[in-house]
Amino acid sequence: MSDTFLQLRGLSKRFGPQVILNAIDLDIPLNSHTTVIGRSGIGKSVLLKCISGLLKPDAGTIRLSNSTKSIPQCAYMFQQNALFDSLNVFENIALPLREKEKVSAQRLSEQVNRLIDQLDLQNAATKYPAEISGGMKKRVALARALITKPEIILFDEPTTGLDPERKFSVFDMIRNYRQQFGFTVLMVSHDVPEVFGITDQVAWLDAGKIRYWGPPNDLLESPPMELAGFLNPRLSTDKPAA
Amino acid sequence: MIGRIGRKGISFVSELGELTIFGASSLGSLFRQRHTFEKLTRSIYEIGVRCIPITLIVGLFTGLVLGLQLYYVLTKFSSESLLGQAVALSIIMEIGPVFTAIMIVGQAGSALSAEIGIQRNAEQIDALQTMNINPLAFLVSPRLYAALICFPILTAFFDIVGIYGGHLTGVSMLGVDQGAYWSRIYEAVSVKNVMDGFYKALTFGLLTTVICAFQGYYTHVKASIPGARGVSQTTTRAVVLSSIAILSSDYLLTSLLLEK
Numbered sequence: 073m074s075d076t077f078l079q080l081r082g083l084s085k086r087f088g089p090q091v092i093l094n095a096i097d098l099d100i101p102l103n104s105h106t107t108v109i110g111r112s113g114i115g116k117s118v119l120l121k122c123i124s125g126l127l128k129p130d131a132g133t134i135r136l137s138n139s140t141k142s143i144p145q146c147a148y149m150f151q152q153n154a155l156f157d158s159l160n161v162f163e164n165i166a167l168p169l170r171e172k173e174k175v176s177a178q179r180l181s182e183q184v185n186r187l188i189d190q191l192d193l194q195n196a197a198t199k200y201p202a203e204i205s206g207g208m209k210k211r212v213a214l215a216r217a218l219i220t221k222p223e224i225i226l227f228d229e230p231t232t233g234l235d236p237e238r239k240f241s242v243f244d245m246i247r248n249y250r251q252q253f254g255f256t257v258l259m260v261s262h263d264v265p266e267v268f269g270i271t272d273q274v275a276w277l278d279a280g281k282i283r284y285w286g287p288p289n290d291l292l293e294s295p296p297m298e299l300a301g302f303l304n305p306r307l308s309t310d311k312p313a314a
Numbered sequence: 009m010i011g012r013i014g015r016k017g018i019s020f021v022s023e024l025g026e027l028t029i030f031g032a033s034s035l036g037s038l039f040r041q042r043h044t045f046e047k048l049t050r051s052i053y054e055i056g057v058r059c060i061p062i063t064l065i066v067g068l069f070t071g072l073v074l075g076l077q078l079y080y081v082l083t084k085f086s087s088e089s090l091l092g093q094a095v096a097l098s099i100i101m102e103i104g105p106v107f108t109a110i111m112i113v114g115q116a117g118s119a120l121s122a123e124i125g126i127q128r129n130a131e132q133i134d135a136l137q138t139m140n141i142n143p144l145a146f147l148v149s150p151r152l153y154a155a156l157i158c159f160p161i162l163t164a165f166f167d168i169v170g171i172y173g174g175h176l177t178g179v180s181m182l183g184v185d186q187g188a189y190w191s192r193i194y195e196a197v198s199v200k201n202v203m204d205g206f207y208k209a210l211t212f213g214l215l216t217t218v219i220c221a222f223q224g225y226y227t228h229v230k231a232s233i234p235g236a237r238g239v240s241q242t243t244t245r246a247v248v249l250s251s252i253a254i255l256s257s258d259y260l261l262t263s264l265l266l267e268k
């Protein structure tokens, strides 16, 4: 296994009396793809929001490559993309760089156009989010995430509401661009077992704890007893017995 | 019963504190971001330029009605010649700032609250935070400064058109002497009166913009229903609270300014 890139220790979060995350420990290896799976409403998105800084954990530490607790080079891909409707594709992609970095208009334009070419968005550059397809919106959101050259991208259920064909195209997109740009992925998904095709590690979140962490193949071959209840209905739905 | 009143009281004071911190953070964050002038210009267009027609229309009709009403009151005391003075002072010190603020809240304030509320629901505010962009500086601060610039200017437009409306009724329709109308205004209205009106406009601009932005920004916690209906709920609340804030602060300001 490669070096640990992101290390969570004792991460806890509760909303009122409800414990969502209960002293979670998790290691995310460098340049890997880790997927957190679990039932709906179990706290997968809360985990990502704690890591990204959108929510403040009640306890625990988040360490990046044995350094500080915050994650400066982290990008977040939202379920519904969170693109700005009043900005066109070019402006949406340019936004983080334009607002945070001191770059000339020419350099900004070069960087955005390079990403537009790499993500095959040439025909959409001047269009608004409402005028492009769902798949294109995902690529625009990814381009916006990539413009700051993040070390890790957090994907929050990127295939929510998509049909099976589009789901696979989104997974292909994530795999291909991860290889091309070399970032680490931490993804939350309930698309089991489809997501196993692209992920290096699976972490199963249940009752506030990570109950399983390891390669997806091991999980499929010999799932732990407590995980079988979660896994079997999904596997039997997708792969009906001959 | 007493417990309920106590809880409501604590909740009100707590919300007032949140509102103050929200306003202060927004005011302080304008120059801690890039492209400030561009954002300010766009906000001035949204709040100022787009509100000019409604301000002029309401100002004209207010002046017309005021001219008519005051004429009939003043004739009872044979003091029609004071019409210009009465119309001008009423508009400059009271009606101009209040009506202008209510018109801007109806047009720009509600739009601001709804826009920010929708951005909250669409996770755009969260997206700004993950991009390390201060959402208050990006979304609220330019609008707040634009309001501070636009409210007094639009109030001045209202005042001018309103006084002209009073002239139309009094002089052109009811036969008040034109010279008396303008000379009375010249004699009675001081720079202090005009400045008092502008102080009110500035206060209303600050209060209403903070209230509208605050309601939209926290629509996910302030509304009892999530989604579009929640945004509609907080937008309505923003307009109602802003109107109450305008009228209550107007009373306080009038008391303070008249004492000076």
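Those sequence lines, one after another, are chains A and B.
At position 125 of the first sequence the residue is numbered 197 (the numbering used here), and the sequence of numbers has no breaks.
At position 154 of the second sequence the residue is numbered 162 (the numbering used here), and the sequence of numbers has no breaks.
Where a beta carbon is used, it is the ideal one built from N, C-alpha and C, also for glycine.
These numbers come from a predicted model, not from an experiment.
Residue-chain proximity (residue i, chain B), Cβ-Cβ < 8 Å
i	result
K141(A)	Caution applies to K141(A), whose pLDDT of 46 falls short of 50 and renders its modelled position unreliable; the value that the coordinates give is listed next. Not an interface residue.
Y284(A)	no
Q152(A)	yes
E171(A)	yes
L214(A)	no
S124(A)	yes
P287(A)	no
P265(A)	no
A147(A)	yes
P168(A)	yes
F156(A)	yes
Residues that residue i bridges to, as DSSP identifies them
i	result
M259(A)	T107(A), F227(A)
A147(A)	I225(A)
I165(A)	Paired residues: none, contrary to the question.
Q273(A)	T106(A)
Q79(A)	D99(A), R135(A)
R86(A)	V91(A)
Y284(A)	W276(A)
Exposure label - residue i; buried when at least 16 CB within 10 Å
i	result
Q132(B)	buried
L53(B)	Before going further, note that residue 53(B) is Tyr rather than Leu in the sequence given. Answer is exposed; the Cβ neighbour count stays below 16.
K116(A)	buried
T107(A)	buried
L277(A)	buried
P61(B)	exposed
T49(B)	exposed
R40(B)	exposed
A253(B)	buried
L187(A)	buried
K141(A)	Note that K141(A) scores 46 on pLDDT, short of 50, meaning its location in the model is unreliable and no value can be drawn from it.
G187(B)	exposed
N140(B)	exposed
K84(B)	exposed
N129(B)	buried
S176(A)	exposed
Q251(A)	exposed
D263(A)	buried
S98(B)	buried
K208(B)	buried
Beta carbon proximity, residue i to chain A, threshold 8 Å
i	result
R58(B)	no
F206(B)	no
S192(B)	Rather than Ser, the amino acid found at residue 192(B) in this sequence is Arg. So, not an interface residue.
R42(B)	yes
Any non-hydrogen atom of the ligand HEM within 7 Å of residue i CB
i	result
N160(A)	In terms of ligand content, the structure shown is empty, and the ligand HEM therefore cannot be addressed.
Item to check | Completely contained alpha helix (DSSP H) runs for the segment 21 to 100 of chain B, where each covers 4 or more residues | outcome: If we require 4 residues or more, the alpha helix (DSSP H) runs fully inside the segment 21 to 100 of chain B come out as 44 to 55, 60 to 83, 91 to 98.
Checklist entry - According to a CB-to-CB cut-off of less than 7 Å, which residues of the segment 106 to 140 of chain B neighbour chain A? => result A130, E131, Q132, D134, A135, Q137, T138, M139, N140
Item to check | Where the segment 141 to 155 of chain B meets chain A: residues whose CB sits under 8 Å from a CB there | outcome: I141, F146
Item to check | alpha helix (DSSP H) runs contained entirely in the segment 135 to 163 of chain B, provided each spans 4 or more residues | outcome: none
Next on the checklist: Give the list of continuous beta strand (DSSP E) stretches no shorter than 3 residues that lie fully inside the segment 184 to 239 of chain A.
Outcome noted: Complete beta strand (DSSP E) runs here, min 3: 224 to 228.
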